[in-house]
Each structure stands twice: as C-alpha cells, then as structure tokens.
Amino acid sequence: MILHLVTIVLGSHLLFAAADGIPQFDVEPSCRAMENTEIKSGRTVAMCKSDEQDARNQLGSQWAEFPQSDQRRCTELTRIGGTPSYVELLVCLEMAREVKNLHNDEKNSTTGQGR
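Sequential numbering of the sequence shown, starting at -13, is according to the numbering used here.
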C-alpha cells in the first residue's frame, strides 16, 4: 500500500514537472539556510522566496530557449547539496548561454564573419 502511494506521489510529481519542463524545487530549506548563516545580509526568508518565485517565473518564459543538455546539466548542478534554488538554476543557464555566445563571437571574428 505504501509503495503504491509513493509511486503515485512520485509519478504525479514527474507529470507536474514535465508539464512545463521546469523542475519543481522546494526553496524553503535554502531560504531558511540563508537566514541561519553567519553572514547577515539583511534579507528575510520572505525576500528569498520572492526572489525564487521571480526566478521561477523568468524560467517559465525562457525555459524552451535553453538547450536540453544545459537544462539537464544545470538542474543536476543546482540539486547538489540538497537545497536547490531557481535563482541558481537561472544563473547557471544564463552563464552557459553567455559562454556559448562568447565562443561563437570568437569563432566569427577569427573567420572574418563578424565584420
């Protein structure tokens, strides 16, 4: 019975995550951890959650623009440590995109295509 319940819960989570492709994170632990750090930034848990929701919304409008390989890699990297964050995921994806753009710009300038 419990195994069936776990299967249903996990299965519904996967279906929900697949609806828009963006992984589902529980940001509460990372926001609470931020509050408990020795470095006091003046940020509250509510501010952290708001930033996380803003990043989630931004991912919602840009997710399809990122290559699936970057989506997978950044999602895996963001989950390391057990406190995933949409802000971290968004930054990872944006950095991957910028690195590719820099490589393309360098390639174009060395082949004369950038002129």
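From the three backbone atoms N, C-alpha and C, an ideal C-beta is built for every residue, glycine too.
| Check | Outcome |
| --- | --- |
| Enclosing alpha helix (DSSP H) for residue 96 [first to last residue] | 72 to 97 |
| C-alpha gap between residue 60 and residue 10, whole angstroms | 14 Å |
| Residue 31, DSSP secondary structure in three states | helix |
| Counted within 10 angstroms of its Cβ, other Cβ atoms place residue 53 as buried (16 or more) or exposed | exposed |
| Integer Cβ distance of residue 72 from residue 38, believed to fall under 8 Å | 5 Å |
| C-beta atoms of residue 19 and residue 64 nearer than 8 Å | no |
| Cα-Cα separation between residue 40 and residue 46, rounded to whole angstroms | 10 Å |
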